Ligand code: OFO
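Residue numbers (this note's numbering): 469 to 636.
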């Protein structure tokens, strides 16, 4: 059975994943408004990813007879000054999420909750992927800059992204 401590922490994480979804949807809308349709698509897929993360935790809590508590989702920023600023903020946010997952993992160890620890392994692997993807895009942005044909091509490339449900 889940301890109250783990149940509360998982509910907090569900809320954070939903907030992440809001953040990336807001970024997508801002990019779309500024004509960066492809990058907007990339963030719209990211919005779906984050919902999938939240749902995986919701399903897990339900499976363990825990109580899911859908808390209010706090507001998110609505505009950014540049594509680089958006991806820098994304990387910073993903690193924060990785830290939260690590803290949850430590808590699961302390509580001897091996099922939760096992579940979090998939999230740890997912975070490595999430951070690496954003670092690679930031590297590309450094190469092409934000004016000229390079960013146009990057926009086209990121416009190809399609949602593939993560295995969590
Ligand atoms: Fe972007 O990994 Fe969930 O929050």
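All residues carry an ideal CB built from backbone N, CA and C; glycine is no exception.
Nothing here was measured: the structure is a model prediction, and the numbers come from that model.
Contact test: residue i Cβ vs the ligand OFO heavy atom, cutoff 7 angstroms
{"i": "residue 494", "result": "no"}
{"i": "residue 482", "result": "no"}
{"i": "residue 597", "result": "no"}
{"i": "residue 488", "result": "yes"}
{"i": "residue 485", "result": "yes"}
{"i": "residue 592", "result": "no"}
{"i": "residue 580", "result": "no"}
{"i": "residue 518", "result": "yes"}
{"i": "residue 600", "result": "no"}
{"i": "residue 605", "result": "no"}
{"i": "residue 562", "result": "yes"}
{"i": "residue 554", "result": "no"}
{"i": "residue 565", "result": "yes"}
Nonlocal neighbours in the same chain, by C-beta distance under 6 angstroms from residue i, ignoring five residues either side
{"i": "residue 519", "result": "489"}
{"i": "residue 625", "result": "none"}
{"i": "residue 584", "result": "474, 576"}
The alpha helix (DSSP H) enclosing residue i, as first and last residue numbers
{"i": "residue 542", "result": "It is not in any alpha helix (DSSP H) - residue 542 carries neither H nor E in the DSSP assignment."}
{"i": "residue 561", "result": "551-578"}
{"i": "residue 531", "result": "505-531"}
{"i": "residue 599", "result": "582-612"}
Assigned secondary structure, residue i (DSSP; H/G/I helix, E/B strand, else coil)
{"i": "residue 623", "result": "helix"}
{"i": "residue 494", "result": "helix"}
{"i": "residue 628", "result": "coil"}
{"i": "residue 535", "result": "coil"}
{"i": "residue 638", "result": "The question about residue 638 has no answer here: the residues shown for the chain are numbered 469 through 636."}
{"i": "residue 500", "result": "helix"}
{"i": "residue 478", "result": "helix"}
{"i": "residue 616", "result": "coil"}
Cutoff 7 angstroms; reference residue i; Cβ partners in own chain excluding five residues on either side
{"i": "residue 507", "result": "499, 551, 623, 626"}
**the region 598-610 in contact with the region 523-538 per 3-pair CB rule at 8 angstroms** = Not touching, per the Cβ criterion.
**Message:** If contact is defined by three or more beta carbon pairs under 8 angstroms, each pair taking one atom from either stretch, is the region 544-564 in contact with the region 492-500?
**Reply:** Segments in contact, yes.
**Prompt:** Is it true that the region 566-576 meets the region 585-592, where meeting means three or more beta-carbon pairs spaced less than 8 angstroms apart?
**Reply:** Counting C-beta pairs closer than 8 angstroms gives three or more between the region 566-576 and the region 585-592, which meets the contact rule.
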